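Here the sequence shown stands for residues 1 to 287, numbered as in UniProt numbering. The structure under discussion appears below in the form of structure tokens.
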Amino acid sequence: MTPVKTAKAVKKTAPAKPESRLAMVRRARRINRELGEVYYYAHPELDFENPFQLLVATVLSAQTTDLRVNQTTPAVFAAYPTPEDMAAADPEKLEELLRPTGFFRAKAKSLLGLSAGIRDRFGGEVPGNIEDLVSLPGVGRKTAFVVLGNAFGVPGLTVDTHFGRLVRRWRLTEQTDAEKVEAEIAEIIPKSEWTMFSHRTIFHGRRICHSRKPACGACPIAQLCPSYGEGELDPEKAKKLLKYEMGGLPGQRLKPPADYPGRPAPPLGGNGAETGADGGSTAGAAR
């Protein structure tokens, strides 16, 4: 198994003058390149085999971890493998299957509605464009871009809580509204890189750059981060803050990609450490 690339020691110095727009863009693109070397295996952390499964899993990921979704969806997809099957589901039976993900009644209502929409309006096929996707119940831009980027190869920026937090820490934007963040980052990062920049940023936010206590002393892009020093600087203490494969723990997917350098997640009820505070969902609630 290929080892995970580790952080290198850096010496951080404060900039002598305000950063120009050009310098910021160059720094952002270097962050993307260097995160690409660290997280060469970055991927969506939801298990799926087709666009419908990814759409369902992404809707379910609101207010829970991708791990919990991945542990729940095998039974869901076995019972309802197609939009037609799910649209005809008994609501109470569907709710019971979704119970481990939380907010299961609202999620069941969204899944029944979007499945019926796919069946009735799109011939049983998940649409591959933003306008049609966001017209489905429970599907916002964030959810739509997860599906477009990872099931259809259409570039998109997934602005979840991790993404928003990190691009603000990197001072690439000051915006807090997700759509405004998306618009500003779209002007900085090349369109062809939008999907992978999203994955790399979210991976970094889940593993190293945590919300409450970032592991600055173990960060491989510390020299590029204007917020360096907000977290733990001692390298040994910082290493203890690392999550998932970076910390030697199981990942979120039961069926991770072949190049994933960590351990798969355990099935529902199986043994395995579930990651703590910053292991949240890629997609989150639809806006």
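For glycine and all other residues, C-beta sits at the position ideal for the given N, C-alpha and C. Every value quoted in this text rests on a predicted model; they were computed, and no experiment measured them.
#### Entry: Counted within 10 angstroms of its Cβ, other Cβ atoms place Asn70 as buried (16 or more) or exposed
With a threshold of 16 other beta carbon atoms within 10 Å, Asn70 meets it and is buried.
Note to self: Using DSSP's beta-bridge definition, name the partner residues of Arg263.
What the structure shows: Answer is Pro250, bridged to Arg263.
Worksheet item: In three-state terms, what does DSSP make of Phe122?
Response: Residue state, collapsed to three classes: coil.
Determine the direct distance from the alpha carbon of Thr82 to that of Thr161, and round the result to whole angstroms. It is roughly 30 Å from the alpha-carbon of Thr161 to the alpha-carbon of Thr82.
Beta-carbon proximity check, Leu148 vs Leu133, cutoff 9 Å: Contact flag set, yes.
Exercise. Could you tell me the boundaries of the alpha helix (DSSP H) in which Gly205 lies?
Key: Counting along the chain, the alpha helix (DSSP H) containing Gly205 begins and ends at 194-207.
Notebook entry, point to check: In terms of residues, what are the limits of the alpha helix (DSSP H) holding Thr143?
Noted result: For Thr143, the enclosing alpha helix (DSSP H) begins and ends at 141-151.
Roughly how many whole angstroms lie between the Cα atoms of Tyr244 and Ala265? Taken atom to atom, the span from the alpha-carbon of Tyr244 to that of Ala265 is near 10 Å.
With distance defined between alpha-carbon atoms, name the residue in Asn129, Val167, Val76, Arg29 nearest to Val154.
Among Asn129, Val167, Val76, Arg29, the Cα nearest to that of Val154 is on Asn129.
Between which two residues does the alpha helix (DSSP H) harbouring Leu97 extend?
Per DSSP, the continuous alpha helix (DSSP H) segment holding Leu97 begins and ends at 91-98.
Can you give me the start and stop residues for the alpha helix (DSSP H) that Leu55 sits inside?
Residues 51-60.
**Study point:** Nearest-angstrom beta carbon gap, Cys225 and Gly169 [assumed within contact, 8 Å]
**Key:** It is Arg, not Gly, that sits at residue 169 in the sequence shown. Indeed they touch by this definition, with Cβ atoms about 7 Å apart.
| task | Grab me the residues of Phe77's own chain with a C-beta within less than 7 Å of its C-beta, minus the 5 sequence neighbours each way, in chain order. | result | For Phe77, where only same-chain residues beyond five positions count, the Cβ hits under 7 Å are Gln53.
Exercise for review: For Thr201, count neighbouring Cβ atoms within 10 angstroms of its own Cβ and tell me buried if that reaches 16, exposed if not.
Suggested key: Buried.
Does DSSP put Ile31 in a helix, a strand or coil?
Taken through DSSP and simplified to helix, strand or coil, Ile31 comes out as helix.
| Taking all protein chains shown into account, do 16 or more other C-beta atoms lie within 10 angstroms of the C-beta of Ser61, making it buried, or fewer, making it exposed? | Looking at its Cβ environment, which holds 16 or more other Cβ atoms inside 10 Å, Ser61 is buried.
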